[in-house]
Amino acid sequence: MNGSLDLSNWDTHSVRDVAGMFSVGNRLKSIDLHGWNISSLVDAHQMFNGEVSPDFNPEFHGDVLQSIDISGWHTDSDVMPLAAVYHMFKDNRNLTTIKGIEDFLVKANNVTDFNEMFMNCPSLTSLDLSRWNTSKVSNLREMFANDTNLQEVKGMGNWDASQVQDMVYTFQNCINLTNLGNLANFDQAHNLNNLIGAFMNTPKLTDQTTADSIANWDTSHVGSLVYTFLNNGFQKLDLSHWNTSSVSNFALAFSRSHVKNLNINGWDFSHGGVISMLTLLANPALINMNDITLPTEANRFKVSDFNGDQPIIVISNQLPLSLNNERLNDNTIGRQNSNKLTFVEKVNPSNIVGTKPMDFVFASVADFQKAIAEATDKGGIKATIGDGNSERWEPQSGYDLTDDPAVANSQVNGKGLHTANITEPTSFPEIVAGIYQLTMAPVTEAYTIPIIYRTPDVREISRAVINGTLSNGSATLASNTANNTIQQNLPAGYDYVSGLLTADLLISSSINDPIYVIVAAQTNPDNPDQPDQPDHPVNPDQPGQPDQPNNPDHNQNHG
1 MNGSLDLSNW DTHSVRDVAG MFSVGNRLKS IDLHGWNISS LVDAHQMFNG EVSPDFNPEF
61 HGDVLQSIDI SGWHTDSDVM PLAAVYHMFK DNRNLTTIKG IEDFLVKANN VTDFNEMFMN
121 CPSLTSLDLS RWNTSKVSNL REMFANDTNL QEVKGMGNWD ASQVQDMVYT FQNCINLTNL
181 GNLANFDQAH NLNNLIGAFM NTPKLTDQTT ADSIANWDTS HVGSLVYTFL NNGFQKLDLS
241 HWNTSSVSNF ALAFSRSHVK NLNINGWDFS HGGVISMLTL LANPALINMN DITLPTEANR
301 FKVSDFNGDQ PIIVISNQLP LSLNNERLND NTIGRQNSNK LTFVEKVNPS NIVGTKPMDF
361 VFASVADFQK AIAEATDKGG IKATIGDGNS ERWEPQSGYD LTDDPAVANS QVNGKGLHTA
421 NITEPTSFPE IVAGIYQLTM APVTEAYTIP IIYRTPDVRE ISRAVINGTL SNGSATLASN
481 TANNTIQQNL PAGYDYVSGL LTADLLISSS INDPIYVIVA AQTNPDNPDQ PDQPDHPVNP
541 DQPGQPDQPN NPDHNQNHG
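Just so you know, we're using UniProt numbering here: the sequence shown kicks off at 1 and counts up by one.
Spelled out as structure tokens, the structure:
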């Protein structure tokens with residue numbers, strides 16, 4: 001079959017079983033069953049379960065069906081015999097509309113199992129189930145799993161959740177889910193026993209109303225929290241009222257989650273393993289683990305259970321502080337890969353002048369405050385930045401650790417962090433990984449550049465020296481280089497040919513390496529356009545006359 005199918009006129013008053021009715025082989029885009037009388041219907045499981053391809057590859061299940069109309073389904077009485085609806089809409093990857101779904105189970109007094117009901121329907125974006133009768137439903141396993149475009153499920157907060165036991169992978173891989181509303185009614189699920197992967201891979205589920213509403217769930221019978229919040233979007237979770245005395249496995253419970261503030265005070269870990277429970281968190285995080293019951297030695301917490309790149313602070317009066325010194329890998333002790341104070345030069349923030357590795361487990365808030373205060377007081381900073389940099393940094397006047405608390409990318413400028421100013425624990429992870437700017441005195445050093453003047457045939461004529469200073473990489477030329485050139489040092493009788501240096505060129509030159517200036521001998525400095533003339537007498541047209549002797553006696557020859 002292809003296209004659309006309209007069976008809305010069928011007389012279904014006596015129909016008891018429609019299980020798998022449209023599940024195999026059809027090529028329908030829309031199915032219209034509106035107005036059916038389901039007074040006798042008992043079994044509708046897999047009714048629209050996506051068709052199976054010839055090779056039974058699940059990737060090709062339900063690639064055609066887009067619309068189902070079950071609006072107006074009704075019974076002749078207030079009693080609906082329908083009991084089986086599991087897998088009912090499963091595996092329809094192009095299904096966008098289920099008309100009438102909001103009224104479907106209003107009278108469903110006998111339905112117990114929602115297992116995989118909407119699983120693998122990645123084109124669904126919203127479902128309104130607020131009027132459903134769920135008073136006997138115990139199984140929500142994978143009900144919405146892999147609905148990757150589902151953004152909202154309305155009405156679960158109105159459900160009677162008192163019989164719910166199984167929530168394994170209920171919302172697994174609903175990667176665009178943002179809102180479930182208030183789920184406080186699930187507090188009445190006193191037989192809830194399995195939460196494996198319940199909120200797994202829901203990174204956009206950040207609604208704080210939903211997060212707050214699960215705080216008082218009765219988890220006293222829950223046996224496993226494996227993957228429960230793996231890659232979940234809740235940023236603040238207070239689960240300190242969860243009873244974990246029956247939990248035998250906590251592996252990866254919060255791994256990759258987006259939590260920033262997690263409270264699991266009082267949790268009982270004595271019966272379970274905690275492998276990678278808090279690894280690879282997506283955000284800097286504060287984790288409260290006071291008054292917990294530790295696991296057995298065989299299952300003890302290891303630093304690898306807190307592995308990750310984001311800074312974390314764990315406040316616990318029970319966890320061993322030795323975790324801070326446990327080697328995470330060949331290159332890292334504790335969480336020092338992320339928990340470290342970084343001090344940079346204010347005028348050049350890319351210049352790191354020191355880093356201070358920090359612990360991640362603290363017995364109390366006061367202990368964390370003390371550690372930060374010690375690391376950022378005068379002695380602590382000087383010890384971190386080392387002797388050479390310490391000579392360039394001096395605390396400003398009034399250095400008393402009383403200025404505003406520094407957070408990531410803030411300025412220290414000679415000021416420290418005071419315990420009185422770091423009272424908000426949620427800021428601790430940013431503080432412990434902060435980048436702090438220090439006002440440093442400039443580094444000044446002298447430099448000398450020899451200047452060698454020579455002819456094009458590499459014959460050295462003379463030398464000069466350029467002296468200056470370097471301050472934080474900027475060159476200052478001494479006074480003997482007037483006008484920032486070396487023209488005045490040209491040897492007498494020679495003209496410049498190439499290699500003239502300006503201040504900019506000097507800055508880029510290697511200090512103490514000679515700079516060569518090519519010069520050529522002057523041919524006629526006064527009148528270069530006329531050929532040279534030999535020396536000549538003052539009056540070349542008159543011959544020279546010999547000196548005449550004196551003739552005092554007029555001594556003349558007569559005869």
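Here a beta-carbon is modelled for each residue, glycine too, at the ideal position from N, C-alpha and C. Just so it is clear, the structure is predicted and the values come from calculations on it, not from any experiment.
In terms of Cα proximity to PHE306, the closest of SER257, GLN151, GLU424 is SER257. Taken atom to atom, the span from the alpha-carbon of ALA184 to that of ASP160 is near 11 Å. Straight across, the Cα-Cα distance linking LYS382 with ASN389 is about 8 Å. Around the Cβ of GLN488, a 10 Å sphere holds fewer than 16 other Cβ atoms; the residue is exposed. A check of alpha carbon separations from SER338 across LEU28, GLY434, PRO320, ILE372 identifies GLY434 as the nearest. Fully enclosed beta strand (DSSP E) runs of no fewer than 3 residues occupy 126-128, 152-154 of the region 123-160, in order along the chain. In the three-state scheme derived from DSSP, where H, G and I count as helix and E and B as strand, GLU297 is classed as helix.
In this structure, the straight-line span from the alpha carbon of ILE214 to that of ARG141 is close to 18 Å.
Residue burial annotation: ILE352 is exposed, with fewer than 16 other C-beta atoms found within 10 angstroms of its C-beta. Distance check between LEU7 and each of ILE31, ALA19, ARG27, SER14 places ILE31 closest, using alpha-carbon atoms only. Straight-line measurement puts the Cα of PRO450 at about 51 Å from the Cα of GLN310.
Taking C-beta separations shorter than 8 Å and ignoring five residues to either side along the sequence, the partners of LYS136 in its chain run ASN109, ASN110, VAL111, THR112, GLN163, following chain order. In the pairwise beta carbon analysis, the region 283-294 is classified as touching the region 317-328: at least three pairs are separated by under 8 Å. Per DSSP, the unbroken beta strand (DSSP E) holding VAL517 starts and ends at 515-521. Counting C-beta atoms within 10 angstroms of its own C-beta, LYS356 has 16 or more neighbours from the protein chains shown and is therefore classed as buried.
A direct Cα-Cα distance of roughly 11 Å separates ASN263 from ALA285. Inter-residue distance for ASN325 and GLN46 is about 55 Å (C-alpha atoms, whole angstroms). Positions of the beta strand (DSSP E) runs, each at least 3 residues long and wholly inside the region 241-282, are given as 261-263 in order along the chain.
Beta-bridge pairing by DSSP links VAL465 to PRO450. If only complete runs of 3 or more residues are kept, the region 40-121 shows the beta strand (DSSP E) at 67-69, 97-99, in order along the chain. Counting along the chain, GLU424 sits inside no beta strand (DSSP E), nor does DSSP assign it H or E at all. Under the DSSP assignment, ILE196 falls outside any beta strand (DSSP E); it carries neither an H nor an E label.
Put simply, of GLY266, VAL168, GLU102, VAL79 the residue whose alpha carbon is nearest the alpha carbon of ASP69 is GLU102. In this structure, LEU192 places its C-beta atom within 8 Å of the C-beta atom of VAL222. The Cβ neighbour count for ALA282, taken over all protein chains shown within 10 Å, is at least 16; the residue is labelled buried. By the beta-carbon neighbour count (other beta carbons within 10 angstroms, threshold 16), VAL347 is exposed. Excluding the 5 residues flanking it on each side, ASN216 has same chain C-beta neighbours closer than 8 Å at ALA184, ASP187, HIS241, in chain order. One Cα belongs to SER248, the other to TYR436, and the distance between them is close to 44 Å.
Between PRO203 and the set THR219, PHE229, PRO491, the nearest pair of CA atoms involves PHE229. For VAL314, no alpha helix (DSSP H) segment is defined; the enclosing uninterrupted segment is the beta strand (DSSP E) at 312-315.
Residue pairing by DSSP leaves PRO429 without any beta bridge partner. Comparing alpha carbon positions, the residue from THR293, ILE275, PRO295, THR296 closest to SER304 is ILE275.
In the three-state scheme derived from DSSP, where H, G and I count as helix and E and B as strand, GLY380 is classed as helix. For ALA19, there is no enclosing alpha helix (DSSP H), as DSSP marks it with neither H nor E. Classified as buried, SER255 has 16 or more neighbouring CB atoms from the shown chains inside 10 Å of its CB. Annotation: the continuous beta strand (DSSP E) that includes ASP32 extends over 27-32.
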